[in-house]
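These notes concern the structure reproduced below.
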Amino acid sequence: MRHKDIPDKLSPPEHFMEIENYDVRLAVLKMDDFLETLGDASMSLLYSDKAEHENAEQQELNIIRRVHIRHALIDFNNCFDILLQIPWFYYRAWNEFNKGYSLYKPRRDGNLKQVIRNTDGWVETAEGNCIYARVREFLESRSEQEIIDFKDKLETFNTTFRFNKNKKVVTREIVNQIKHKNSLKIAEMIPAYNVNFEINGVNTNLEKLKESNLYLEIKREFYEEDTKQNLGEIILNFKDGLAIDINYNSGEKFRAQDYLKSELVYTFDELYDELVDYKDAIIDLYYELYDLIEPNLVLNPAFNGTVNKGASKSINLDKYFKA
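Residue numbers (my numbering): 1226 to 1548.
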């Protein structure tokens, strides 16, 4: 699948001239941080494609793809957070949330750390205050049409790729899950069950049942080993893989759905296709933002050169990442 090319990196921040009422070099720093992270994510996405590993055994291929697509998910998610910091610093948006300024609300922002420019640690404090809701609110407060247009596209990206109840694969949700709650679950790496059994003298298996929109469920009682007391029932359900419910006669139940969480299992293709779309959309968003900033990207007269570094040298990493 063809991906959009990564935009060229800019020259180092120190090569640029500062413009009053803006922080150009901090914006350039964040732009280059975004592009580097985008490059990391794109490389991981590339090597998560099965077409890159034609000689790999299936188990080996699954492990390789999972490692790379996991890195791609995390880095693409980070791209958005870094992208937000570009207008946050360029326009000094953080200042409007300081006490006494236009967007400050005491009940909401009373505990927000105040940012005092040109004091030690002010950049780190401003970074900590940068979230989507504040960036959006700042952009919405501006009257320039081109900034409002960018705000609209930022909102569209957010509702398409970060908060979208109509899609199974949502990058932000998956990253939060694997960062805080569980590992990345891949459908192709979950053991498949194909039990052979007999029904009314006819031999069949799970695959044949599925073809007829049927599934197998087995209920078995279980007993205390020494006393042979009936303790309850075990239910083996083969509708989607294997799910085992254990129900005690006392009324206590242990449901398979509580640990299987099938809604958190994804196929490689589901993840790959979503990340290709995510990558293309965030590149478009970056270009929109770049066009807003470009008029003030003026080189410091102490330096010769160009605003953009231009195309970098091509390096083949296949020997490090391909099976």
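C-beta: ideal position from N, C-alpha, C; glycine also.
Annotation: the segment 1344–1375 contains the following complete segments of the alpha helix (DSSP H) (minimum length 4 residues), in chain order: 1347–1354 and 1357–1366. Per DSSP, the continuous alpha helix (DSSP H) segment holding Asn1287 begins and ends at Gln1283 to Tyr1315. Judged by DSSP in its simplified three-state form, Thr1531 adopts coil rather than helix or strand. Burial state of Ala1297 is buried, judged by a 10 Å Cβ sphere holding 16 or more other Cβ atoms.
The secondary-structure analysis by DSSP pairs Ile1443 across a beta bridge with Leu1461. In the DSSP assignment, Thr1429 forms a beta bridge with Phe1422.
For the options Asp1543, Lys1544, Ile1518 and Ile1540, the alpha carbon positioned closest to that of Leu1235 is the one of Ile1518.
With a contact defined as Cβ atoms closer than 8 Å, Arg1480 and Asp1465 miss out at about 14 Å.
With a beta-carbon spacing of about 15 Å, Ile1294 and Ala1281 fall beyond the 8 Å limit used to define contacts. For Lys1410, the three-state secondary structure derived from DSSP is strand.
Contact check for Leu1524 and Val1532: beta-carbon distance about 7 Å, within the 8 Å limit, so the pair qualifies. Counted as a single uninterrupted DSSP element, the stretch harbouring Asp1470 is not any alpha helix (DSSP H) but the beta strand (DSSP E) occupying residues Ala1468 to Tyr1473. Distances from the CA of Ile1460 to each of Gly1426, Gly1264, Asn1323 and Gln1482 were compared; the closest alpha carbon is that of Gln1482. By a beta-carbon distance limit of 8 Å, Tyr1491 contacts Lys1410. Their separation comes to about 7 Å. Rounded to whole angstroms, the gap between the alpha carbons of Gly1530 and Met1242 is 13 Å. In the DSSP assignment, no residue is bridged to Tyr1497. The alpha carbon of Leu1467 has as its nearest neighbour, out of Asp1374, Leu1485 and Thr1452, the alpha carbon of Leu1485. Here DSSP, grouped into helix, strand and coil, assigns Val1490 to strand. With a contact defined as Cβ atoms closer than 8 Å, Tyr1503 and Phe1314 miss out at about 24 Å. Bounds of any alpha helix (DSSP H) do not take in Leu1328, whose DSSP letter is neither H nor E.
Using a C-beta cut-off of 8 Å, the segment 1303–1312 makes contact with the segment 1240–1257, since at least three inter-stretch Cβ pairs fall below that distance. One Cα belongs to Tyr1512, the other to Pro1520, and the distance between them is close to 13 Å.
Taken through DSSP and simplified to helix, strand or coil, Leu1235 comes out as strand.
Rounded to whole angstroms, Gln1402 and Ser1408 show a C-alpha spacing of 7 Å.
Looking at the DSSP output, Tyr1511 shares a beta bridge with no other residue. When DSSP states are grouped into helix, strand and coil, Tyr1484 belongs to the helix group.
DSSP places Phe1241 in the strand class (E or B) of the three-state scheme. Look at the beta carbons and you see the segment 1434–1443 not touching the segment 1321–1341: under three pairs across the two are nearer than 8 Å. Straight across, the Cα-Cα distance linking Val1420 with Leu1431 is about 6 Å.
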